[in-house]
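Q:
There are 2 protein chains.
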Amino acid sequence: MLDSATSLRTAIERFVKLTQEEWEMLLPCLKELELQKGELFAKEVARAHLVGFLLEGNMRHFYTKDGVEQTTYFYFEGHFVSSYISCITGKPSELTIEALTDCKLLTFSYTDMRKLFDVSHKWERFGRLIAEYLAIGLEERMADLLLLSPEERYIKLLEGGKQKIIERIPQQYISGYLGITPVSLSRIRQRLLKK
Amino acid sequence: MLDSATSLRTAIERFVKLTQEEWEMLLPCLKELELQKGELFAKEVARAHLVGFLLEGNMRHFYTKDGVEQTTYFYFEGHFVSSYISCITGKPSELTIEALTDCKLLTFSYTDMRKLFDVSHKWERFGRLIAEYLAIGLEERMADLLLLSPEERYIKLLEGGKQKIIERIPQQYISGYLGITPVSLSRIRQRLLKK
DNA sequence: CCCAGTGATTAACAAAAGATAAGAAATAGT
DNA sequence: ACTATTTCTTATCTTTTGTTAATCACTGGG
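Going down the list, the protein sequences come from chains X and V. So the number in our numbering is just where the residue sits in the first sequence, counting from 1, plus 54. So the number in our numbering is just where the residue sits in the second sequence, counting from 1, plus 54.
1) Output, in chain order, the set of chain X residues within a Cβ distance shorter than 7 Å of V:F142.
2) Taking buried to mean at least 16 other C-beta atoms within 10 Å of its own C-beta, is X:H133 buried or exposed?
3) Report the residue ranges of all alpha helix (DSSP H) runs contained in full by the region 83-119 of chain X; include only those spanning at least 4 residues, in chain order.
4) When the Cα of X:Q226 is compared with those of X:R68, X:Q124, X:G215, which residue comes out closest?
5) Is it the case that the region 164-174 of chain X contacts the region 195-204 of chain X, given that we only count it when at least three CB pairs across the two stretches are under 8 Å?
6) Which residues in the same chain have their Cβ closer than 7 Å to the Cβ of V:Y109, if we skip the five residues on either side of it in sequence?
7) Whole angstroms is fine: what's the gap from V:R179's alpha carbon to V:I142's?
8) Return the first residue and the last residue of the alpha helix (DSSP H) that V:I190 is part of.
9) Compare the C-beta of V:T253 against all C-beta atoms of chain X and say whether one is closer than 9 Å.
10) Looking only at its chain, what residues have a beta carbon closer than 6 Å to the beta carbon of V:F69, apart from the 5 residues adjacent to it on each side?
11) How many Å lie between V:G233 and V:D166 at the Cα?
12) Hey, which unbroken runs of the alpha helix (DSSP H) at 4 residues or more fall wholly within the region 114-166 of chain V?
13) CB X:L32 to CB X:F162, shorter than 9 Å?
14) At the level of alpha carbons, what is the spacing between X:V135 and V:I66?
15) Quick one: does X:K216 have its CB under 9 Å from some CB of chain V?
16) Taking all protein chains shown into account, do 16 or more other C-beta atoms lie within 10 angstroms of the C-beta of V:G121, making it buried, or fewer, making it exposed?
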């Protein structure tokens, strides 16, 4: 627990530096959680508005449309996992987060987080920076979807900093992330090989 | 100036209630700006990291790819206008904001905003809530692009709360917002008429 | 070592989108 | 009111994607 908490603290301090006192405001809110491959994180926990910090493993995050799962995001160690939008809005999440491998997480409730926002300017700032970080990622994602063709998006994924996705995630899920079908991704790969 | 400042205060107070004192922290940072139809807001101002509040008029926001403009967002009265991501990241903006009609704005620099974040927990919270608001919008946008077909996205635009876009924005720009060409949008409209 | 199950590829066809160009409709300016 | 521009629609053709189904490749369990 100590090690894992340290790893969380490091992640938080990429956004704001904490005093020991500030750090100890969060500590009692933390719980450990282990998930086996295939288990779900967000669905049942959606109404509890849980935020996770991924210590080990990979997860994916998908919407369900007409009974079909559409993967839209992946999580790796050292990053926060949450249907954050549903935490923010308070509305039930329409997405599911699934462990792609066995996972270890630290969790805390967004309700507790909100309390920290209230009592601490520093934690409030953390909240701002996390939301900004989210927005930056989403903006780039949206721009890619609007400006690039599926093939260009795949090339960008290959060449861009998202190596982990290529290395660790099955293609059927990557295709969802790119907004196309697995069949179409396979064709794109074939086309690129012939160049 | 007084009226317009009141309108800005109302917009801000949809996020946080301000005391008179807090409000007066922002007041001296405000400047009025008028743009004529076709004039640009963000491009030259990108490095100044200006944030605008739109009092009158409509604007659009577009990326330029291979010399072609791709519209991705619209602004209407009563809303904030900014390449906010570039304010946050400090990187120069790759997007341009253009007045679609004559416009009146109140502006302030993000540098000033940042100072308010430093000295006031309340303003910091405003920063968080703005970023969260941005993220919520972007997440929905991204999900729509990944989950819906162009036709479904157009129908959602027709039926959803974005009436202003349909009413006031030329189709050539709407098509960019939907991620398709103007020709394709015209065909979709034709298809829907025949149903 | 074989077999079942899953994931990836390939094939064939239908539907939709992009590109380009030409024509119709709407708008703005004089 | 008329012309000039711009915007929207329509048409044609090519490219790409979606869909469905069959095949191939890989993995893990017995």
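Note that CB positions come from ideal geometry on N, CA and C, so glycine has one too. As the structure is a computational prediction, the values presented were derived from the model and not from experiment.
A: Short version:
1) Residue identity check: residue 142 of chain V is Ile in the sequence provided, not Phe. E186, I190, listed in chain order.
2) exposed
3) 96-99
4) X:Q124
5) no
6) Before going on, a small fix: residue 109 of chain V reads as Leu here, not Tyr. Taken in chain order, the residues that qualify are S58, S61, E131, K158, L159, L160.
7) 15 Å
8) 175-201
9) Nothing can be reported for residue 253 of chain V: it is not among the residues displayed for chain V, which extend from 55 to 249.
10) F180, L183
11) 35 Å
12) 138-143
13) Since the first residue shown for chain X is 55 and the last is 249, residue 32 of chain X is missing from the structure and cannot be characterised.
14) 30 Å
15) no
16) exposed
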